[in-house]
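Student: The sequence shown runs contiguously to residue 327 in numbering that gives the first Met the number 0.
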Amino acid sequence: MEKTPLDSGKLDISKKILYQPPVTELISVLTDGLTANFEKVIVKLGRCPRDPERQPNQYDLCGDPTILEIGGPAYLLPLAQKDKFYNIETLLRRIDYHGSAFVIGAGAGLWPHTTDGSNCELIIHHHINTQIGSVVNNSRYAFVDKCTGECVVAQHLSHNEQHQATCPILANLYVCKGEPGMVIKVYAKKRTGKLDFIASMQKALGNYYKDELVGLGGMFTMRNGKIKQHVMPDYSNTPLTTEAQLNDWLHFYEMKTPLTAVGTFVSAETELDLRVQHFHSFAHNNKMAGHYHIDTTPDTIEYEGYFNIASVLYRVDQPTNKLQFGKD
Numbered sequence: 000m001e002k003t004p005l006d007s008g009k010l011d012i013s014k015k016i017l018y019q020p021p022v023t024e025l026i027s028v029l030t031d032g033l034t035a036n037f038e039k040v041i042v043k044l045g046r047c048p049r050d051p052e053r054q055p056n057q058y059d060l061c062g063d064p065t066i067l068e069i070g071g072p073a074y075l076l077p078l079a080q081k082d083k084f085y086n087i088e089t090l091l092r093r094i095d096y097h098g099s100a101f102v103i104g105a106g107a108g109l110w111p112h113t114t115d116g117s118n119c120e121l122i123i124h125h126h127i128n129t130q131i132g133s134v135v136n137n138s139r140y141a142f143v144d145k146c147t148g149e150c151v152v153a154q155h156l157s158h159n160e161q162h163q164a165t166c167p168i169l170a171n172l173y174v175c176k177g178e179p180g181m182v183i184k185v186y187a188k189k190r191t192g193k194l195d196f197i198a199s200m201q202k203a204l205g206n207y208y209k210d211e212l213v214g215l216g217g218m219f220t221m222r223n224g225k226i227k228q229h230v231m232p233d234y235s236n237t238p239l240t241t242e243a244q245l246n247d248w249l250h251f252y253e254m255k256t257p258l259t260a261v262g263t264f265v266s267a268e269t270e271l272d273l274r275v276q277h278f279h280s281f282a283h284n285n286k287m288a289g290h291y292h293i294d295t296t297p298d299t300i301e302y303e304g305y306f307n308i309a310s311v312l313y314r315v316d317q318p319t320n321k322l323q324f325g326k327d
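Dropping the structure here:
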């Protein structure tokens, strides 16, 4: 039996207008953060990417750029609150996001979309039209094979799943109209510092914009290396109350590039208890996917990213208790 989402009309939602800094200033801030951790760095304006090696092969990131943060790790830990199941399409209608929406990001997943489905990593990629209630679901679902312990990516969605935009527990989403345009293009090669690609930029934002909340969303591709990623297994029956217990429960993998990641990052947690960075990636051969941590081949790794500056953030169903771990 298919799982029924919560009523979006009854969920608490907070709206936060984000600071949109001058583009030249932001480019300088991001460049400084990346230069401290990578040997070669180029940050500039560039057109939204079209790359034939990826499927889907284009990410148009412009038009009404919005960040949507749903739920949070406090609904996963110490034990999963399985009633937390959200409908992204009706949430967009709730925040008056009218017409077409291109939605990408990182979240918890349920595979298959049934009451007895398993917990998994969700690499979100939706085309939604709230005016007519249509959904095209091109998301990836990565789960741990219960017999082998290997990472498996679902290869086929049912007809219903192809037209659903749902997720359990948590999600960090970048939403836009899917229009072409100019965005911030970031290239970094050969990691020399301890911070990963996203953390280099996120911490730079936090250090520079101490009195403002800045948020970006988009995608990046990793090449010429290997990446440490995790995949969640099915929900734990034992309470996970420490970071050590959480890491023992998670399954970690070293995944070969090329990989493409989608997600969001913001300058600070604030009173909204935001997740400052969250990206999930998928392999171009659709054989591997997971939650991005860091490259394990710093001498050869290359990153190419495209990000847009969000104008507003919506915090959906914020947990009342704030976790001190589990937000990496």
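Glycine residues also receive a C-beta, built at the ideal position from the N, C-alpha and C atoms.
Can the beta-carbon of Leu169 be found less than 8 Å from the beta-carbon of Ile69?
Tutor: Mapped onto the sequence shown, residue 169 falls at position 170. Mapped onto the sequence shown, residue 69 falls at position 70. Contact: yes.
Student: For the beta strand (DSSP E) containing Met200, name the first residue and the last one.
Tutor: For the purposes of this step, residue 200 is identified with residue 201 of the sequence shown, where counting begins at 1. Where Met200 is concerned, there is no enclosing beta strand (DSSP E), although the alpha helix (DSSP H) it sits in stretches over 196-207.
Student: Compute the Euclidean distance between the alpha carbons of Thr240 and Phe264, then round it to the nearest angstrom.
Tutor: The residue given as residue 240 occupies position 241 in the sequence shown. The residue given as residue 264 occupies position 265 in the sequence shown. Cα-Cα distance, rounded: 25 Å.
Student: Using only the alpha-carbon positions, how far apart do Asn118 and Asn137 sit?
Tutor: By 1-based counting over the sequence shown, the position of residue 118 is 119. By 1-based counting over the sequence shown, the position of residue 137 is 138. Spanning the two alpha carbons is a distance of roughly 18 Å.
Student: Lys2 and His155: beta carbons closer than 8 Å?
Tutor: Along the sequence shown, one-based indexing puts residue 2 at 3. Along the sequence shown, one-based indexing puts residue 155 at 156. Cβ distance not < 8 Å, so Lys2 and His155 don't count as in contact.
Student: Under 8 Å: do the region 316-327 and the region 200-215 share three or more Cβ pairs, one atom per stretch?
Tutor: No, they do not touch.
Student: State the start and end residues of the unbroken beta strand (DSSP E) segment that holds Thr165.
Tutor: Position 166 of the sequence shown holds residue 165. Where Thr165 is concerned, the enclosing beta strand (DSSP E) stretches over 165-167.
Student: What's the call for Ser266, buried or exposed, on a 16-neighbour Cβ count within 10 Å?
Tutor: Taking the first residue of the sequence shown as position 1, residue 266 is located at position 267. By the neighbour-count rule (16 or more Cβ atoms within 10 Å), Ser266 is buried.
Student: Rounding to the nearest angstrom, what Cα-Cα distance links Gly71 and Met254 in this structure?
Tutor: Residue 71 sits at position 72 when you count from the first residue of the sequence shown. Residue 254 sits at position 255 when you count from the first residue of the sequence shown. Taking the straight line joining both Cα atoms gives about 26 Å.
Student: Tell me, which residues are paired with Gly331 by DSSP?
Tutor: Limits of the chain in this structure are 0 at one end and 327 at the other, which puts residue 331 out of reach.
Student: Whole angstroms are fine: how far does the CA of Trp248 sit from the CA of Thr220?
Tutor: By 1-based counting over the sequence shown, the position of residue 220 is 221. By 1-based counting over the sequence shown, the position of residue 248 is 249. Cα-Cα distance, rounded: 28 Å.
Student: By Cβ distance below 8 Å, which residues in the same chain neighbour His97 in space, the five residues on each side in sequence not counted?
Tutor: As a first step, residue 97 is located in the sequence shown; it is residue number 98 there, counting from the start. Excluding sequence neighbours, His97 sits near Thr129, Gln130.
Student: Would you call Ile16 buried or exposed, if buried means 16 or more other Cβ atoms sit within 10 Å of its Cβ?
Tutor: By 1-based counting over the sequence shown, the position of residue 16 is 17. Label assigned to Ile16: exposed.
Student: Alpha carbon to alpha carbon, what distance is there between Gly106 and Ile87?
Tutor: Stepping through the sequence shown from its first residue, residue 87 is reached at position 88. Stepping through the sequence shown from its first residue, residue 106 is reached at position 107. Computed Cα separation, rounded: 12 Å.
Student: Pairing CB atoms from the region 176-188 with CB atoms from the region 39-47, are three or more of them under 8 Å?
Tutor: Because the criterion of three Cβ pairs below 8 Å is met, the region 176-188 and the region 39-47 touch.
Student: For Asn289 versus Cys150, is the C-beta spacing smaller than 8 Å?
Tutor: Mapped onto the sequence shown, residue 289 falls at position 290. Mapped onto the sequence shown, residue 150 falls at position 151. For the record, residue 289 in the displayed sequence is Gly; it is not Asn. Yes, the Cβ-Cβ distance between Gly289 and Cys150 is below 8 Å.
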